Amino acid sequence: MMALLRSLRFRPMTFADIPDVIVLERATYPQPWSEAIFRDELSQPNRVYVVAESEGEMVGFAGLMLIEDDAHVTTLAVKTGARKSGLGTRLMLELIAAGLGRGARNLTLEVRATNEGAQRLYQRFGMVSVGVRKHYYRDDDAVIMWATDIDQPEYGARLDEIRSSLEVVS
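Below, the structure is given as structure tokens:
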């Protein structure tokens with residue numbers, strides 16, 4: 001895990017990444033997105049997708065859709081061997097920074113009702129459950145989560161605290 005954190009880097013997702021993204025997508029989600037969906041997403045001007053690499057290998061990715069002043073997390077996946085390393089937290093920090101850079105004031109997403117680990121991650125970022133979308137997934141409901149006023153100093157202090165809690169990356 002320490003080697004992963006030391007060599008970790010983030011960069012924008014490209015079309016050339018899609019084959020590796022699809023492999024991780026299929027290993028992560030019971031209803032994975034297709035190559036066509038990722039191609040379409042990367043073609044949209046109001047989307048931000050990032051990949052995390054360690055020693056040249058993709059270990060995670062995440063996406064964001066921006067609609068007016070709302071940043072909607074569309075996806076986040078971490079390779080099995082890299083889970084519980086802080087990578088999901090780092091991917092969220094990358095997405096939030098991108099959203100703030102494009103004028104976002106609010107953050108939202110849907111998460112599987114049964115995915116308590118992901119919900120804890122999002123709660124760390126001040127996201128709270130505001131409702132449920134019944135049967136959002138074929139086999140599960142989705143919890144709708146929001147964090148508002150992410151452009152305010154109080155939220156910036158939360159992000160600073162999260163960053164400082166992570167191990168220093170060299």
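If you're matching positions, the sequence shown starts at 1 in the working numbering and goes up one per residue.
For every residue, glycine included, the Cβ atom is placed at its ideal position computed from N, Cα and C.
Please read all numbers here as calculations on a predicted model, not as lab measurements.
Check                                                                                                                                                          : Outcome
Using a 10 Å radius around the Cβ and a threshold of 16 neighbouring Cβ atoms, would you call Thr108 buried or exposed?                                        : buried
What does the alpha-carbon distance come out to for the pair Thr148 and Arg105?                                                                                : 6 angstroms
With contact counted as at least three CB pairs below 8 angstroms, one residue from each stretch, are the region 124-133 and the region 40-56 in contact?      : no
Assign Val15 to one of two classes, buried (16 or more other C-beta atoms within 10 Å of its C-beta) or exposed (fewer than that).                             : Val is not the amino acid found at residue 15; the sequence shown has Phe there. So Phe15 counts as exposed.
What is the DSSP secondary structure of Phe125, reduced to helix, strand or coil?                                                                              : coil
I need the DSSP call for Glu57, collapsed to helix, strand or coil.                                                                                            : strand
Please determine, among Asp151, Arg11, Pro32, the residue with the shortest C-alpha to C-alpha distance to Phe61.                                              : Arg11
With distances taken Cα to Cα, identify the nearest neighbour of Thr74 among Val59, Gly86, Thr80, Leu91.                                                       : Leu91
Determine the DSSP secondary structure at Arg11, reduced to helix, strand or coil.                                                                             : strand
Under 8 angstroms by Cβ, that's how I've got Gly86 and Leu166 pegged, so tell me the actual separation to the nearest angstrom.                                : 5 angstroms
Which runs of the beta strand (DSSP E) fall wholly inside the region 73-137 and span at least 3 residues, in chain order?                                      : 106-112, 128-137
Mapping DSSP to helix, strand and coil, what is Ile162?                                                                                                        : helix
Grab me the residues of Met145's own chain with a C-beta within less than 6 angstroms of its C-beta, minus the 5 sequence neighbours each way, in chain order. : Leu109, Tyr122, Met127, Ser129
Report yes if the C-beta distance between Pro32 and Arg26 is below 7 angstroms; otherwise report no.                                                           : yes
Using a 10 Å radius around the Cβ and a threshold of 16 neighbouring Cβ atoms, would you call Ser164 buried or exposed?                                        : exposed
In chain order, what residues of the same chain lie with their CB nearer than 7 angstroms to the CB of Leu42, ignoring the 5 residues before and after it?     : Met13, Phe15, Tyr49
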